[in-house]
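Residue numbers (the numbering used here): 7 to 104.
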């Protein structure tokens with residue numbers, strides 16, 4: 007059970023870090039500030055489970071796999087959501103000008 011927890015904890019932490027870095031890049035201060043609170047909570051819980059693990063190497067491999075998947079998911083998610091929001095904004099602007 008701890009390996010699953012470490013995997014998903016790592017995935018969630020790195021996923022949020024990836025989204026947060028893109029929010030910072032886009033100068034979205036409110037979004038970055040808000041997400042930083044969840045990153046802190048996730049990171050604390052993840053570290054606690056990781057430190058309590060008995061098997062270092064297997065725990066590390068689960069963590070590394072979760073991290074790799076998390077960063078890729080954050081890039082894909084942010085890209086898709088950003089594209090969707092831009093298209094939606096463009097549609098609403100074009101409807102207002104009619």
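For each residue, glycine too, the CB sits at the ideal point set by N, CA and C.
When the Cβ atoms of the region 62–72 are set against those of the region 37–48, are three or more pairs found closer than 8 Å? no
In three-state DSSP terms, what is residue 22? helix
Residue 7 in three-state terms, based on DSSP: coil
Cβ distance (whole Å) where residue 77 is taken to contact residue 24 below 8 Å: 5 Å
Could you tell me whether the region 88–101 touches the region 49–56, using the rule of 3 or more Cβ pairs below 8 Å? no
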